[in-house]
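To keep things clear, I will list the structure first and then write my remarks on it.
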Amino acid sequence: MIQFLLNQELRSEHALDPNLTVLNYLREHLGKSGTKEGCASGDCGACTVVVGELHTDAQGAEQIRYRSLNSCLTFVSSLHGKQLISVEDLKHQGQLHSVQQAMVECHGSQCGFCTPGFVMSLFALQKNSDAPDSQKAHEALAGNLCRCTGYRPILAAAEQACCNKPADQFDSRQAETIARLKAIAPTQTAELNSGDKRCLVPLTVADLADLYDAYPQARLLAGGTDLALEVTQFHRTLPVMIYVGNIEEMKRIESFDDRLEIGAATALSDCYSALHHEYPDFGELLHRFASLQIRNQGTLGGNIGNASPIGDSPPLLIALGAQIVLCKGETRRTLALEDYFIDYRVTARQDSEFIEKIIVPKGHTLFRAYKVSKRLDDDISAVCAAFNLKLDNGVISQARIAFGGMAATPKRAKSCEAMLVGATWNAATVEKACAALAEDFTPLSDFRASKEYRLLSAQNLLRKYFIELQTPHIETRVTAYV
Ligand SMILES: Cc1cc2nc3c(=O)[nH]c(=O)nc-3n(C[C@H](O)[C@H](O)[C@H](O)COP(=O)(O)OP(=O)(O)OC[C@H]3O[C@@H](n4cnc5c(N)ncnc54)[C@H](O)[C@@H]3O)c2cc1C
Ligand code: FES
Ligand code: FES
């Protein structure tokens, strides 16, 4: 059984199909059709809902953290122990919520189909910001598509809603909701099943290891932003899933003198501050990773676990020399991330083995990363590049360079690195290293970019890196598009 609050109503679900998304649960099981399906693939934001979770802030105070998610990619089992808020819950005692009122007054609602998603993103923005901030408003809305180009009034509504932030029913009931969430806080592994389909929801790494041993055929479910597509886009059935998102040990970020240790189930949004602090370019990249909804649910472990050749974090982590800790039963092994990716979607992971954490070394000052995609926000890379050199008196003593989108796996550019090490860091060396990149990669052409474009981009990104290091005041990173 799983338990969660549907706004204020306690729901105890025994026999739901674990392949059911929150979107279909709301619409088909509860008849709440305010939440819309636009794409069922995480691209449009029409299905945005807000999920509240217990959270202890830096001062030790208990709070509820509200986050926007795409309900089309969220399986119901991941609601266990949380609060689900849909657009129907905002109007209170006959009054529109202040974010809805702002949409009305600023003429932000047009076709009506995507409006509920915008409203929910604005609601999450209002809950998470104290002052109007256009950058935060853009970030909050980047995952909501308006095809009639009505963004200007919607951004005006965002500003109004964050300026004028009267206490709402969620604020006045906060203490009660915290008490109710504590009362349903999971204490042991939960299970949601229907027929022969099941989703197990463990609370500890040890329980996960035991369950994965018992069900080696299970699919691990983290944020589901990749896995759920198998159901919503390819109409497959996932008979057994193990949800890792309730395992607190796998959601921790620990900072040591020489490294960060990031639990594999840490949401990408939660990775932001630690990685941005060490490596501003990593933070920059995370800003351009999908949308806020996807970053709120997608995890760093899932970005590695899906072994996509165009995943954004692997090239950066490989260039930084990151390692992963793999766990199977009571056995753990540490592996360089670059050795994890063997071939297209083939990894070094054994049966019943899972990624427990990611170890990111600290202290690489010449690290830079670049993402080339057609749109700035909410788009997958055509090419993603990460450069990490060490210079001693102008001579390159170490080089780690990795790319995504250039091969069947995220991959180091070994010939390019070999050309650089021992050479003087100047324009002539960079040109030789650019030529070597052609030996490292024979990229494919697809709808994102041609093979010629990919290779030329990779070479130009190396040139760009050189220019940026020569003139560090130049900030050209985010302007690279196809
Ligand atoms: C609209 C949209 C935009 C996107 N944009 C980007 C983008 O810009 N850049 C990018 O890189 N990706 C992007 N993605 C892909 C996806 O969001 C990311 O790869 C995300 O990090 C996956 O994490 P998750 O937690 O949702 O993984 P899930 O979907 O839960 O899992 C993905 C895979 O990893 C496995 N897995 C999960 N956790 C573990 C673990 N601990 N150990 C071993 N295996 C594990 C799962 O079994 C599954 O096979 C996008 C996806 C969508 C839908
Ligand atoms: S329906 Fe488009 S993001 Fe969910
Ligand atoms: S408001 Fe729906 S397409 Fe613009």
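In my numbering, each number is its position in the sequence shown, counted from 1, plus 13. Positions of the beta carbon are idealized from the N, C-alpha and C atoms, including for glycine.
If you follow the beta strand (DSSP E) that residue i is part of, which residue opens it and which one closes it?
| i | result |
| --- | --- |
| Asp116 | What sits at residue 116 in the sequence shown is Met, not Asp. No beta strand (DSSP E) contains Met116, which is instead part of the alpha helix (DSSP H) from Ser111 to Glu118. |
| Pro374 | Phe367 to Pro374 |
| Leu234 | Arg232 to Leu234 |
| Tyr357 | Here Tyr357 belongs to no beta strand (DSSP E), and DSSP marks it neither H nor E. |
| Glu66 | Thr61 to Thr69 |
| Val385 | Phe380 to Val385 |
| Ser410 | Val408 to Gly417 |
| Ala349 | Thr344 to Ala349 |
| Leu402 | Val396 to Asp405 |
| Glu75 | Glu75 to Asn83 |
| Glu22 | Glu22 to Glu26 |
| Gln182 | That residue, Gln182, is in no beta strand (DSSP E); its alpha helix (DSSP H) goes Gln182 to Ser185. |
| Glu267 | Ile266 to Ser268 |
| Ile255 | Val253 to Tyr256 |
| Leu339 | Gln336 to Lys341 |
Beta-carbon within less than 7 Å of residue i's beta-carbon, same chain only, minus the 5 sequence neighbours each way: which residues are those?
| i | result |
| --- | --- |
| Val63 | Tyr79, Arg80, Ser81, Ile98, Met133, Phe136 and Ala137 |
| Arg467 | Ala395, Val396, Gly418, Met419 and Pro456 |
| Val100 | Gly47, Thr48, Pro129, Val132 and Met133 |
| Ile260 | Pro215, Leu216, Thr217, Val218, Leu221 and Ala278 |
| Leu329 | Phe295, Leu298, Ala382 and Ala399 |
| Ser407 | Note that residue 407 is Gly in the sequence shown here, rather than Ser. So the qualifying residues of the chain are Thr437 and Trp438. |
| Glu75 | Leu67, Thr69 and Ile191 |
| Leu313 | Ile275, Ala277, Thr279, Leu281, Cys284, Ser326 and Ile371 |
| Ala421 | Pro322, Asp356 and Tyr357 |
For the alpha helix (DSSP H) containing residue i, name the first residue and the last one.
| i | result |
| --- | --- |
| Lys210 | No alpha helix (DSSP H) contains Lys210, which is instead part of the beta strand (DSSP E) from Lys210 to Val214. |
| Asn141 | Thr128 to Asn141 |
| Met432 | Lys427 to Leu433 |
| Tyr285 | Leu281 to Glu291 |
| Tyr164 | Tyr164 to Cys176 |
| Leu224 | Val218 to Ala227 |
| Ser147 | Ser147 to Leu154 |
| Asn309 | Leu305 to Gln310 |
| Ala451 | Ala440 to Asp453 |
| Val100 | Looking at the DSSP string, Val100 is not in any alpha helix (DSSP H), and its letter there is neither H nor E. |
| Asp30 | Looking at the DSSP string, Asp30 is not in any alpha helix (DSSP H), and its letter there is neither H nor E. |
| Tyr478 | Lys464 to Gln483 |
| Ile331 | Ser326 to Ala332 |
Using a Cβ-Cβ cut-off of 8 Å (strictly less than) and excluding sequence neighbours within five positions of residue i, which residues of its own chain qualify?
| i | result |
| --- | --- |
| Ala198 | Leu67 and Gly94 |
| Leu213 | Thr202, Ala203, Glu204, Leu224, Tyr228, Ala231, Val253, Met254, Ile255 and Tyr256 |
| Asp209 | Pro252 |
| Ile179 | Before going on, a small fix: residue 179 reads as Pro here, not Ile. Correct list, in chain order: Ser111. |
| Lys445 | Met432 and Ala436 |
| Ala440 | Phe479 |
| Ile317 | Ala277, Gly324, Ser326, Pro327, Leu330, Ile337, Leu350, Tyr353, Ile368 and Ile371 |
| Gln139 | Ser111, Val112, Ala174, Cys175 and Lys178 |
| Gln246 | Ala53 and Ser54 |
Among the residues of its own chain, which have a CB less than 6 Å from the CB of residue i, if the five just before and after it don't count?
| i | result |
| --- | --- |
| Gly311 | Gly236, Thr238 and Leu281 |
| Gly51 | Cys57 and Ala59 |
| Lys104 | none |
| Arg24 | Phe17 |
| Gln148 | none |
| Ala493 | In this predicted model, Ala493 has a pLDDT of only 46, less than 50, meaning its place in the structure is not dependable; the value taken from the coordinates is given anyway. Hits under 6 Å: Tyr383 and Val385. |
| Val491 | The predicted position of Val491 is uncertain, since its pLDDT is 46 and thus under 50; no value can be drawn from it. |
| Leu273 | Ala287 and Val373 |
| Ser470 | Val385 and Val396 |
Round the Cβ separation of residue i and residue j to the nearest angstrom and send it over; I've been treating them as touching at under 8 Å.
| i | j | result |
| --- | --- | --- |
| Thr279 | Ala320 | About 18 Å separates the two Cβ atoms, so there is no contact after all. |
| Phe380 | Pro423 | No, Phe380 and Pro423 are not in contact; Cβ-Cβ is about 16 Å, not under 8 Å. |
| Asn20 | Phe88 | Actually they do not touch by this definition, with Cβ atoms about 20 Å apart. |
| Asn5 | Ile307 | No answer is possible for residue 5: it lies beyond the span of the chain, which begins at 14 and ends at 495. |
| Glu26 | Ile15 | 5 Å |
| Glu301 | Asp390 | Position check: residue 301 holds Arg in this sequence, whereas Glu was assumed. Right, their Cβ atoms sit about 7 Å apart. |
| Gly315 | Ser91 | The pair is not a contact, with the Cβ atoms about 12 Å apart (cut-off 8 Å). |
Any residue with its C-beta under 6 Å from a non-hydrogen atom of ligand 2 counts. Can you list them all in chain order? My final list is Glu50, Gly51, Cys52, Ala53, Gly55, Asp56, Cys57, Gly58, Ala59, Cys60, Asn83 and Cys85.
Pair every Cβ in the segment 119-127 with every Cβ in the segment 169-178, then say whether three or more of these pairs are closer than 8 Å. yes
What does the shell around ligand 3 hold, if a residue joins when its beta-carbon is under 6 Å from any heavy atom? Gln123, Cys124, Phe126, Cys127, Thr128, Cys159, Arg160, Cys161 and Gly163
Report yes or no: do three or more beta-carbon pairs, one from the segment 237-255 and one from the segment 331-351, lie closer than 8 Å? no
Stretch pair the segment 324-339 + the segment 371-391: three plus CB contacts closer than 8 Å: yes
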